[in-house]
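Engineer: Protein chains in written order, with my numbering: chain A, 1 to 295; chain B, 1001 to 1374; chain C, 2001 to 2220; chain D, 3001 to 3303.
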Amino acid sequence: MLFVKRTLPLLITFVSGIIMIVAFFSGPALPRIKSLEEIFPQWIQIIMTFTMILGAFSLIRFNFQKIARKQNGWGYSIVLLVGFFGMATLGMVSGSWAKFDPEIKENSTFMCLAENKLTAVEVNIKSIETTKDGGKIITVENKIPDKDGNVFTRKVSTDRLKTPIMSKISILQQVLFEGVFKSAQSTMFALLAFFVASASFRAFRIKSKEAGLLMFSAFIVMLGNVPLGNMVSKLWTWLPFIGKYLDIVVIKEWIISYPSSAAQSAILIGAMLGYISSSLKIIFGVERSHLGGEG
Amino acid sequence: MSVLWRPSRGLFFLFIMALCLVSTVALYAQSEVMPVQNPTVTESVTSENSAEINNIKNAENKLDSKESNLSEKALSEGAEAMASSEDSIESLNSDSNKAPKIPQKPYYFESSRSSTLAVILVLLIFVAYYTFQAQRGREMFIRRISGLSAIEDAVGRATEMGRGVLYVPGIMDMDDIQTIAGVTILGHVARKTAEYDTDLYSPMTRSFVMSVAQEVVKQAYMEKGRIDAYRPDRINYLTDDQFGYVAGVGGIMMRDKPAACFYLGTFYAESLILAETGNSIGAIQIAGTAEPSQIPFFVAACDYTLIGEELFAASAYLSKNPREVGSLKGQDMVKIVIIAAIVFGTILVTLSKTPVGERLGFATAATTFMEFLK
Amino acid sequence: MATEILCVWIGAFITLCCFSFLYKDNPFYRFAESLFVGVSAGYYLSVVYFHQVLKPNLLAKLFPTFFNVGEAAKVAPDYWLIIPGFLGCLMLLRFSQKLAWVSRFTVAFVMGVSTGLTIVTSAQQYLIPQIAKAIKPIFIYGDIGQSISNTVLVVGSIACLFYFFFSTEHRGPVYGNLAKIGIWFLMISFGASFGATVMGRISLLIGRFAFLLHDWLHII
Amino acid sequence: MDIFLKLKNLDRRWVYVFVALSVILPMVFKFELPIYPGKAVMGVYNTIDTLPEGSRVFLSFDFDPAAESELGPGATAIFVHMFRRNIKPIVGCNWPVGNEIAEKCLTEAKKIHLDTYDSYLNNNKLVKNCIREPKNGTDYVILGYKPGGIIHVKNLCTDFMGPYPQDKDGTPTVNMPIFKTASGNRFSMNDIALIISYTAGTNGIESFISVEGDHKRPMAAGCTSVNIPRFTTYLQTGQLVGMIGGLPGAAEYEKLVDHKGEGRAGMAPQSIAHLIIMIFIILGNLAFIAENRKVSKSKLKKE
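Given below as structure tokens:
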């Protein structure tokens, strides 16, 4: 049993790791082994989706416990769960289900989603073309003239044509996606502008020679990135002798392409050595904490 | 249990395994039916080129997907992207300049990748040699890495203040080596929190990492005989979305106010959000990543930062396990080899650019050398 | 039309809630945070993991008649995919206390494949090109500027590599000084990438304010 | 000195307020900062400005909507400049959706050209044969997207009609006046006076650079701000005559053609925010120095 519990997993790691390396170096004479180079990573992707169930379960249990015990802030857990179940259900339903999707035929009526998927109009299917790769391009015509009284035809792909109920679900999902997900995402990202400012206020103090270099290069690059840099360079051209060589933008570009680039490649070289030797340690079973304990 | 690594038996075992593997592979390859191909010259050229194009496209798609997922990432990755894309373009260029060649026989070994093999073998030899040396009891020295020495103090301080410890092992999945390193260090940190009886919070952005991390932490608490104190619900999943996760962790930080925050793994744009929020609650922060674009933010906002390779040295440094320390020494030796290669290559290339050097045949030597590094 | 306006208003509300994080933790931020975490987890579960990964890569290939229509439904199932499917199911044994160890096989397989892949790809795509990048002629006849620049590049790369040595202390006349120069280069590089990122971050903020001021309030 | 000491413990929220204001105020009040075109942008401008009238320039739109906000304004400004100089743009794309963006930029450029035509004519700033309303096929053409990247570019070096028998709308290219050559030979890269690629990633200007041995034409690039360091090398080696880097580059070009577009509009918030951050860095350092002085003074007193 100990073999199955401890040694077998190590063997699996070793064999699968070696197979990947062999696959990488094998030539076209070994098509099956070569193909493993692509097949195995796909398998990994599939395996990892299964663990999403574990993740979802963890999220649900964590928040249910909070609600059940009426812990501080349990109301927010309800919000979280409502958001989670709402989006998960809408997302599941609004995706394509080949078995249940109605067949698109000529002269039938469908709801056509607008490009931003936030509105839908009723359309008539005029014609269906099949492209080389098996996809379909469908020409549709507006059933109800738009506010200018125009009826127009256009080409759309199948995923924009829905039944009336499904179109409502898709729109609702899109509102959640655009309104909550997208705007929260880009706002969190935009917060960085503030954090960059406060971090530089605090961190760029010339406490030592090294800190001085840090600040100096950050300053030059920041200046050179905006028109201010050119303005300053313009001012400096009045300086005698050296003035015309002090072009901030040129200095900025030099810093980025030489000293900075040298350090970046050294960091990468070091990191890659770390990558490779850590990987070797895992393949050969030196490092195995990820497999957990003896039990 | 260390069957695999008791030197004599382990080696023998590995040898037998490798033999089995090679023979299986050989048999498998033999059984394959070779497709009969009579490619004309033009066809072979186009197919070769299109393969190259596909490669480039793949690389590009990867870049794109990275960019769309983590659109900021590319912002400071210029240099890196340059290196790879330039390289592929140059290789393509040199390929298309060559006379079209018809592969006489499908070959077994991808000889264009031989330089990669050479590099890996050199690394393997050095790392293996020093690992064995260390195992035999040879003393190896590791310099002090202040960020790692500070881990214990940070946990200690959190205990004194009666507040918890927050650990983030990066935002990528388990197939990323930095995440693996992060989870390994989590094990060491968990041993400390088990010892000091401090709360350990570790919200996760990937469910696979969560399940592995739970196992690692459980093991750590078990080793310290504190399995009763192990709380799996504190190693919980939040969301896969990069910024959704940051929003969640930021909230946890603001409310629970951990006294020590560790960020060790792969980070992208969220690095600064985490580090600044941690700073605003006055936590001791120790960060480490090998993403060159994100190190500056950690350096600016954290107390200690592990730069690049130091992250991978952490496991050896903390465990003081002789085998791991030995592998570090091996890495150092490889670095010497690399430095030697850079010096040698630079001399060669410089000489080849001088009028005298060109006549003496340095130019061809330099081209051959650089060709090998492609 | 109504849904579009609704979407903008929800977006604006969430945006302001998230910005309120800068002031301090407050109920509005907490609400937006919980909703964001829930919605994004739900989105990843249903749309990304199920519809974009699991369905096309596993289900549609194992059960083509059920998950495909037309020509694609007639393709023979790819039974090899039972293996990852099975390994994936093993992960679910984590729910059981007794059988949790079985999931180790899956973890072991994932680790093996990803480390094997990492070894070769990191050597080929990063390590070797980066070494090649550091090799430059340090003396070019008649071009002093380029010679100096190349020297900086070569010396900088070597010095920074010295900084990463673990088996010796940063001391001694040669080694200590080289490591020190390495730190200087690292600092310059950190400063430069910090400074270079600022522009992108400000653009993002401009984008967000443009949404609030233009799409929502119609001021500009 | 006390002010600086207080600054040291300044609440970070004040920093946030200033950053927010530095972005919002310039956006609302739309003021403009003086913009001085840098060397890289002047390189492109001067090259186009000295081309003989009627030259044809090949523009490659190698980006997608994600990079449009950065590269679009610059492309529009260059089109305007070309129309004023009666230079004929030939547009191709190495990225699939490039032609749609190209069309958008062209339409806008034509509008700007038309709006400013009379005032420029009165001021004698236009070339002799400047056309009021450039026509498709005669004064410009959009050829559309062709896959293949470098291979495709290589094919263009010898013949344009081969890869592009039709333009994007399906009109045959053979009889288009824009492709007439003096010698009557096939239209090839030799008949192009300048190559400009707007590059967001791979398959951009680097494809042209790598086959430069075949076409031997001057080249220029427009690129996203991420890529600026990457292309600077080519500027240094002289492989590019100039470069329009990111939105600042676009703003500089807009300034040169005297048009107030998105590029210049974005510069004010961008510059002010940078300025604010730099001021805060300086203040932080002053606070640090002030604190050091105080510490050393109190030490002296104790002694």
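We treat Cβ as the ideally placed atom computed from N, Cα and C, and that holds for glycine. Because the structure is a prediction, the values reported are computed rather than measured.
Which ranges does the alpha helix (DSSP H) cover as unbroken runs of at least 4 residues, wholly within the stretch 1146-1230 of chain B, from first to last along the chain?
Structural biologist: 1146-1161, 1177-1196, 1207-1223
Engineer: Using a Cβ cut-off of 7 Å, which residues of the stretch 1228-1242 of chain B contact any Cβ in chain C, in chain order?
Structural biologist: L1238, T1239, D1240, D1241
Engineer: Check this for me: beta carbons of M2199 of chain C and M222 of chain A, under 9 Å apart or not?
Structural biologist: In this structure, M2199 of chain C lies near M222 of chain A, with their beta-carbon atoms less than 9 Å apart.
Engineer: Apart from the five residues just before and just after V3080 of chain D, which ones in its own chain have a Cβ nearer than 7 Å to its Cβ?
Structural biologist: A3109, I3112, H3113, V3257, H3259
Engineer: Count the CB pairs spanning the stretch 2163-2179 of chain C and the stretch 164-184 of chain A that are closer than 8 Å, and state whether there are at least three.
Structural biologist: Counting Cβ pairs under 8 Å, fewer than three are found: no touch.
Engineer: Buried or exposed: G1278 of chain B, going by 16 or more other Cβ atoms within 10 Å of its Cβ?
Structural biologist: buried
Engineer: Below 7 Å between beta carbons is the criterion; list the residues of the stretch 2020-2043 of chain C that meet it against any residue of chain D, in chain order.
Structural biologist: L2022, Y2023
Engineer: Between C:I2005, C:F2036, C:P2084, which has its C-alpha nearest A2108 of chain C's C-alpha?
Structural biologist: Nearest option by C-alpha distance: C:P2084.
Engineer: Would you tell me roughly how many angstroms separate the C-alpha atoms of V1209 of chain B and A1269 of chain B, rounded to the nearest one?
Structural biologist: Whole-angstrom Cα-Cα distance: 20 Å.
Engineer: To which residues of the same chain is C112 of chain A closer than 7 Å at the C-beta, ignoring the five residues directly before and after it?
Structural biologist: A120, V121, V123, V140, V156, R160, L161
Engineer: Go to L8 of chain A, then tell me how far its alpha helix (DSSP H) extends in each direction, as first and last residue.
Structural biologist: 8-25
Engineer: With D148 of chain A as the anchor, note down where its beta strand (DSSP E) starts and where it stops.
Structural biologist: Unbroken run through D148 of chain A: none, as it is neither H nor E.
Engineer: For K155 of chain A, list the residues DSSP reports as bridge partners.
Structural biologist: A:T139
Engineer: Does any residue of chain D have a CB that is nearer than 9 Å to the CB of M215 of chain A?
Structural biologist: yes
Engineer: Return the residue from the list C:L2099, C:V2048, C:R2030 that minimises the CA-CA distance to M92 of chain A.
Structural biologist: C:V2048
Engineer: Secondary structure at M1 of chain A, three-state DSSP: helix, strand or coil?
Structural biologist: coil
Engineer: For I1120 of chain B versus I2131 of chain C, is the C-beta spacing smaller than 9 Å?
Structural biologist: no
Engineer: Can you have a look at F3031 of chain D and say buried or exposed, based on whether 16 or more other CB atoms are within 10 angstroms of its CB?
Structural biologist: exposed
Engineer: From the DSSP output, in three-state form, read off Y3140 of chain D for me.
Structural biologist: strand
Engineer: Could you round the C-beta distance between V82 of chain A and G2156 of chain C to whole angstroms and report it? I think they count as a contact, below 8 Å.
Structural biologist: Contact doesn't hold; Cβ gap of about 54 Å is too wide.
Engineer: Can the beta-carbon of I44 of chain A be found closer than 9 Å to that of G2116 of chain C?
Structural biologist: The answer is no: Cβ separation not under 9 Å.
Engineer: By Cβ distance below 7 Å, which residues in the same chain neighbour S3296 of chain D in space, the five residues on each side in sequence not counted?
Structural biologist: none
Engineer: Looking at C-alpha atoms only, which residue of C:F2185, C:H2218, C:S2096, C:G2088 is the closest neighbour of P1296 of chain B?
Structural biologist: C:F2185
Engineer: With DSSP collapsed to three states, give me the class of A1269 of chain B.
Structural biologist: coil
Engineer: Among A:P145, A:N72, A:S26, A:M87, which has the Cα closest to the Cα of A56 of chain A?
Structural biologist: A:M87
Engineer: Rounded to the nearest angstrom, what separates K1335 of chain B and L3143 of chain D at their Cα positions?
Structural biologist: Taking the straight line joining both Cα atoms gives about 51 Å.
Engineer: For R3013 of chain D, would you say it is in contact with chain C, using Cβ-to-Cβ distances shorter than 9 Å as the test?
Structural biologist: It does: the Cβ of R3013 of chain D has a partner Cβ on chain C nearer than 9 Å.
Engineer: Do the stretch 3285-3293 of chain D and the stretch 191-210 of chain A make contact, defined as three or more Cβ pairs closer than 8 Å?
Structural biologist: Contact holds: three or more Cβ-Cβ distances are below 8 Å.
Engineer: T7 of chain A versus chain C: which residues are under 7 Å apart at the beta carbon?
Structural biologist: In chain order: nothing, as chain C lies at least about 11 Å away.
Engineer: Let me know the secondary structure DSSP gives F1132 of chain B once reduced to three states.
Structural biologist: helix
Engineer: Is the CB of A56 of chain A under 9 Å away from at least one CB in chain B?
Structural biologist: yes
Engineer: State the DSSP-derived secondary structure class of Y3016 of chain D, mapped to helix, strand or coil.
Structural biologist: helix
Engineer: Comparing C-alpha positions only, which one of B:D1176, B:E1223, B:F1243 sits nearest to S186 of chain A?
Structural biologist: Of the listed residues, the one whose Cα sits closest to S186 of chain A is B:F1243.
Engineer: Relative to the alpha-carbon of P1203 of chain B, which residue among B:A1194, B:E1195, B:Q1214, B:T1193 has its alpha-carbon at the smallest distance?
Structural biologist: B:Q1214
Engineer: Establish whether the CB of T3232 of chain D and some CB of chain A are separated by less than 9 Å.
Structural biologist: At least one CB of chain A lies nearer than 9 Å to the CB of T3232 of chain D.
Engineer: Cβ of F2190 of chain C less than 9 Å from any chain D Cβ?
Structural biologist: No, no contact with chain D.
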